[in-house]
Amino acid sequence: MAAELSTSRDGRFALQQLTSIEWIVVDTALDANDPHRTLACVYEADQFEYDVLWLRDLALPTKYMCPTDVLDDISRAMRRGSRVPSRKPIPIPHRAPAAAFA
Numbered sequence: 123m124a125a126e127l128s129t130s131r132d133g134r135f136a137l138q139q140l141t142s143i144e145w146i147v148v149d150t151a152l153d154a155n156d157p158h159r160t161l162a163c164v165y166e167a168d169q170f171e172y173d174v175l176w177l178r179d180l181a182l183p184t185k186y187m188c189p190t191d192v193l194d195d196i197s198r199a200m201r202r203g204s205r206v207p208s209r210k211p212i213p214i215p216h217r218a219p220a221a222a223f224a
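Residue 209 in my numbering sits at position 87 of the sequence shown; the count goes up by one each step and never skips.
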């Protein structure tokens, strides 16, 4: 059984320790049986480095100094969103073509 290590500030994401050197990051907003619930697997590479296997494309690093840094990065990435909101297009001025040089 996974032991929860910490959660994001908004409580949406949780870092769960599976073994002494393995963690997963889950999205608690999704159902426990949802295959998209697990976002990343974190493994201790050595005393000062942790490798991350991303299960979702969040364009985040694959190496961190500690597992909680992974949780913080996921929280920031999901907060900012991946899409730019729709807005009115910027108008482009229309001008006559430049006169040709003879």
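We put the beta carbon where it would ideally sit given N, CA and C, even for glycine.
Buried versus exposed call for residue i [16 or more other C-beta atoms within 10 Å across all chains shown]
i      : result
Pro219 : exposed
Gln138 : buried
Ile212 : exposed
Reduced DSSP secondary structure (H/G/I, E/B, other) of residue i
i      : result
Ala218 : coil
Ala181 : coil
Arg142 : It is worth fixing the name first, because residue 142 is Ser in this sequence and not Arg. If DSSP states are grouped into helix, strand and coil, Ser142 belongs with coil.
Ser128 : strand
Residue span of the beta strand (DSSP E) that contains residue i, given as start and end
i      : result
Ala136 : Phe135 to Gln139
Ala154 : Where Ala154 is concerned, there is no enclosing beta strand (DSSP E), given that its DSSP letter is neither H nor E.
Asp173 : Glu171 to Trp176
>> With a threshold of 8 angstroms, are at least 3 pairs of Cβ atoms found where one atom belongs to the stretch 190-204 and the other to the stretch 166-181?
In response: Flag = yes, the stretch 190-204 and the stretch 166-181 touch.
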